[in-house]
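Engineer:
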């Protein structure tokens, strides 16, 4: 009977409304309700927003992106220098940096981490593998490491925030069959970051605990004592969770839901323009969209303001192929805006002066915003006597279609988030080196632009690079490989006792830097 | 049958567009990175060899590895299936526990308010989509009234008991962790009710119809003529016969529910194989899909086998025919 009473009492306790953050002794534990799982935290293997949020919390890198506009600040490396030709980069490590097990963060650990990532050839390896080989990473002394690239490459530094440093000792101790610790690092961490793993219930929740005496220190005395990242897959349930106080931060609500919860007491909704562009990529190498004048006609027929309405005003139109926060961004004069006269003019110049075409518009199945954009296209292109066939596909099938010229659709709705704010990260999406990737489903081909991109990335001085990128942006717009759409704002719903939120557009949609967060209870 | 299932699933998985290695490698991966993944998972071999290797592995208990979770499929299924099993078993027990008596009452009190009320329940159960019901229950009981948790299996600060059987309720009981058991029960109420509702409706309808048919039989009329009490007629003579088709339906439904919980699992963040299967499907992660298919096929076979056993218990003629 007593046992039964205990169980009943526990049911009642579990059922009572939660009082926002959780407490564990004197620690305040932040609850983040996100829709996406964290299938692995191995820094050499994979990244997306939820994975990287965990990696950023558990590991440190040589440098870190902070703020808006994003700025690279020293982290494990307290200072660095590069050769005038941007080929040799030398980093001096902070001497007090410690891994979670107490081992010092040494230059050898940095070398091991870079070599491991290059060897496994997954995750962020692609960002540097073209320029950096294992043997070109030299430990100069315990706290100094040098990278010698096989050619000049200015954006080198901009990628380093995503190359996290692992402690070789536990990694190698847990190696299985020469896997360089892959299996172990899937759910275990060997980092020096501000948090360490407390609980890892795959597919359910992940709990991190703040590291007492974190080597870099904490920005606030009220810093969070830990984080529970709980998977809540339905946006209606996420919304309910933040309203009810079961979650302190939620991401991924619909525009309407964000607007609604923003008006509720106790909830704030930070609202910042991000770096994720939305574009409708047109196949420039096959089919009717190979015709430049037709593409221009489509670009001029599109109602850009409708994009902003779809996001309830929480978006800005693209004024360049580059997101506004990208270094070297210029607002391209005369970028396409709806102008039916010009649309008809370019259609008349095309091989299809009377229209009478059907264009395929492929978008992500179930993504309501992209479906609405398709409806806008249908309405707009009708005026040019062009019909639009909407084809919803699941993401893997879209990626499959967009990987080859022959299968890439006439038009494909694509959101793209560049990994850095260096212009090369965006410009290279229009280079033949990106063919096969979803964001290059336009198969944009322009030898002059490719040449400029190749040259700009090798120049060391920004004063020389900047004009090239301005030129690249203008030339891409002139070739109309896509309908340059908008940058949707990044939003989260946050309980107002959470302080210290720092936005940086270079982070992925949904990703939050947990390190500066604090909970100030009323 | 299982072999056929595997063949069909393998064929469907591999004709679908989309490159699993590319997806696993990430959106920015270079061709050499995609090839690395392809080689690591054996996706660079001819399809016939891949299938042969997969079958060889299955016979040895190796269901392959997931590209998405990077775990073995067997380990993933061991993690997720017990959650689905507990949810479905709970929902089915509730559906049988309520549905059979309601079916009897509805038949015995035919065309009275009892019957009409039961009809409302059963028609609603069939007509209301499970995910919608789940969301409504969540909004009312969790959000508005705050008397039940929104989702998940346990409260945020509740650590699960030591995983002896991987069945949370059983493990909590075995560990004598009553607080955890209570927490788990509270979290199970809404998903169980949501999942139970359509099954309950079907059981009520079938049981009612069978009871009505049985109550018209000569042996029932004869029993009444002999003055046997109505309770005894219904409970002892009519119910046993009426239960045979109901039982067949319960068996099939149970097997179906074990593979068809994805919507309820999504709404309530119940980490079961439905969610696992969908996440694998959208990542073109074939081996988990085949593992789940195999498991669901086995469940169906097992459920039907148990139903066959129950037939024998309910109807002695089946036992006699079997032994003849």
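Protein chains in written order, with the working numbering: chain L, 53 to 574; chain X, 152 to 475.
The beta carbon of each residue, even a glycine, is placed where N, CA and C say it ideally should be.
Here the structure is a predicted model, which means the values were calculated and not measured.
Could one say the Cβ of residue 346 of chain X lies closer than 9 Å to chain L's Cβ atoms, at least one of them?
Structural biologist: Not closer than 9 Å to any Cβ of chain L, the Cβ of residue 346 of chain X fails to qualify, so no.
Engineer: Just checking, does the segment 441-457 of chain L make contact with the segment 320-331 of chain L on the three C-beta pairs under 8 Å criterion?
Structural biologist: Because the criterion of three Cβ pairs below 8 Å is not met, the segment 441-457 of chain L and the segment 320-331 of chain L do not touch.
Engineer: For residue 417 of chain X and chain L, any beta-carbon pair shorter than 9 Å?
Structural biologist: With 9 Å as the cut-off, residue 417 of chain X counts as an interface residue toward chain L.
Engineer: What residues from the segment 433-448 of chain X come within 8 Å of chain L, judged by C-beta to C-beta, listed N to C?
Structural biologist: Here the close residues are 433, 434 and 435.
Engineer: If you draw a straight line from the alpha carbon of residue 437 of chain L to that of residue 424 of chain L, how long is it in whole angstroms?
Structural biologist: Computed Cα separation, rounded: 20 Å.
Engineer: If you pair each beta-carbon of the segment 237-247 of chain X with each one of the segment 346-358 of chain X, do three or more pairs fall below 8 Å?
Structural biologist: Taking 8 Å as the limit for Cβ pairs, the verdict is that the segment 346-358 of chain X does touch the segment 237-247 of chain X.
Engineer: Exposed or buried, what is residue 116 of chain L when buried is set at 16 or more other beta-carbons lying within 10 Å of its beta-carbon?
Structural biologist: Classification for residue 116 of chain L: buried.
Engineer: My assumption, with CB atoms under 8 Å, is that residue 337 of chain L sits in contact with residue 497 of chain L. Please give the rounded CB distance.
Structural biologist: About 7 Å; that satisfies the 8 Å criterion.
Engineer: When DSSP labels each residue in this structure, what does residue 541 of chain L get in the three-state scheme?
Structural biologist: Here residue 541 of chain L sits in strand by DSSP.
Engineer: I'd like the list of long-range same chain contacts for residue 293 of chain L, defined as Cβ closer than 7 Å, with 5 residues on each side in sequence excluded.
Structural biologist: Only 85, 284, 299 and 302 meet the Cβ criterion.
Engineer: With a threshold of 16 other CB atoms inside 10 Å of the CB of residue 499 of chain L, please say whether the residue is buried or exposed.
Structural biologist: So residue 499 of chain L counts as exposed.
Engineer: Can you pull the chain X residues whose beta carbon is under 7 Å from the beta carbon of residue 448 of chain L, in chain order?
Structural biologist: Under the 7 Å cutoff, chain X gives 169, 174, 433, 434 and 435.
Engineer: Find the residues of chain X that neighbour residue 175 of chain L, judging by a C-beta separation of less than 8 Å, and give them in chain order.
Structural biologist: 177, listed in chain order.
Engineer: Considering Cα atoms alone, identify which of X:444, X:377, X:398 and X:341 is closest to residue 460 of chain X.
Structural biologist: Selected option, being the one with the closest Cα: X:398.
Engineer: Strictly under 9 Å for the Cβ-Cβ distance: is residue 329 of chain L near chain X by that measure?
Structural biologist: Not an interface residue.
Engineer: Flag residue 253 of chain L as yes if its beta-carbon sits less than 9 Å from any beta-carbon of chain X, otherwise no.
Structural biologist: With 9 Å as the cut-off, residue 253 of chain L counts as an interface residue toward chain X.
Engineer: Using the three-state DSSP reduction, which class does residue 233 of chain L fall into: helix, strand or coil?
Structural biologist: The answer is coil: DSSP assigns residue 233 of chain L none of H, G, I, E or B.
Engineer: To the nearest angstrom, how far is it from the Cα of residue 434 of chain X to the Cα of residue 171 of chain X?
Structural biologist: Taking the straight line joining both Cα atoms gives about 7 Å.
Engineer: Give the interface partners of residue 287 of chain X over in chain C, defined as CB-CB distance under 9 Å, in chain order.
Structural biologist: Protein chains L and X are contained in the structure displayed, whereas chain C is not.
Engineer: Is there at least one Cβ from chain X nearer than 9 Å to residue 189 of chain L's Cβ?
Structural biologist: Residue 189 of chain L does not count as touching chain X.
Engineer: List in chain order: all unbroken beta strand (DSSP E) runs of 3+ residues lying wholly within the segment 341-394 of chain L.
Structural biologist: Counting whole runs of 3 or more residues, the segment 341-394 of chain L contains the beta strand (DSSP E) stretches 367-369.
Engineer: Which one or two residues does DSSP pair with residue 79 of chain L in a beta bridge?
Structural biologist: Beta-bridge pairing links residue 79 of chain L to L:76.
Engineer: For residue 68 of chain L, is the classification buried or exposed, using 16 other Cβ atoms within 10 angstroms of its Cβ as the cut-off for buried?
Structural biologist: Caution is warranted here: a pLDDT of 46 is assigned to residue 68 of chain L, below 50, making its placement in the model unreliable, and the coordinate value is therefore given only provisionally. Result: exposed.
Engineer: With DSSP run on the structure shown, which of helix, strand or coil describes residue 67 of chain L?
Structural biologist: Here residue 67 of chain L scores only 46 on pLDDT, less than 50, and its place in the model should not be relied on; the value that follows carries that caveat. Correct three-state label for residue 67 of chain L: helix.
Engineer: Report the rounded CA-to-CA distance for residue 533 of chain L versus residue 82 of chain L, giving the unit in angstroms.
Structural biologist: Their backbone Cα atoms lie some 44 Å apart in a straight line.
Engineer: So residue 140 of chain L packs on residue 234 of chain L, CB below 8 Å; how close in whole Å?
Structural biologist: The pair is not a contact, with the Cβ atoms about 31 Å apart (cut-off 8 Å).
Engineer: How big is the Cα-Cα spacing for residue 395 of chain X and residue 466 of chain X?
Structural biologist: If you take the alpha carbons of residue 395 of chain X and residue 466 of chain X, they lie about 8 Å apart.
Engineer: Bridge partners for residue 332 of chain L per DSSP, in chain order?
Structural biologist: According to DSSP, which records beta bridges pairwise, residue 332 of chain L is partnered with L:465 and L:535.
Engineer: Kindly indicate if chain L contains any beta-carbon less than 9 Å away from that of residue 183 of chain X.
Structural biologist: For residue 183 of chain X, the answer is yes, since a Cβ of chain L falls inside 9 Å of its Cβ.
Engineer: Could you check which residue in L:525, L:346 and L:547 has the C-alpha nearest to that of residue 462 of chain L?
Structural biologist: The shortest Cα separation from residue 462 of chain L among L:525, L:346 and L:547 belongs to L:346.
Engineer: Just by C-beta distance, which residues in the segment 273-289 of chain L are closer than 8 Å to chain X?
Structural biologist: Within the segment 273-289 of chain L, the residues whose Cβ lies closer than 8 Å to some Cβ of chain X are 280, 282, 283, 284, 285, 286, 288 and 289, listed in chain order.
Engineer: Tell me which residues share the same chain as residue 103 of chain L and place their Cβ nearer than 7 Å to its Cβ, disregarding the 5 neighbours each side in the sequence.
Structural biologist: So the list reads 90, 92 and 93, once near-sequence residues are dropped.
Engineer: Using beta carbons (cut-off 9 Å, strictly below), is residue 261 of chain L in contact with chain X?
Structural biologist: So no, residue 261 of chain L is outside the interface.
Engineer: Could you check where the beta strand (DSSP E) with residue 199 of chain L kicks off and where it finishes?
Structural biologist: Its beta strand (DSSP E) spans residues 196-200.
Engineer: Under 8 Å Cβ to Cβ from residue 250 of chain L, same chain only, skipping five residues before and after it: list those, please.
Structural biologist: Excluding sequence neighbours, residue 250 of chain L sits near 259, 260, 261 and 278.
Engineer: Could you give the residue range of the alpha helix (DSSP H) that holds residue 165 of chain X?
Structural biologist: 153-166 is the extent of the alpha helix (DSSP H) around residue 165 of chain X.
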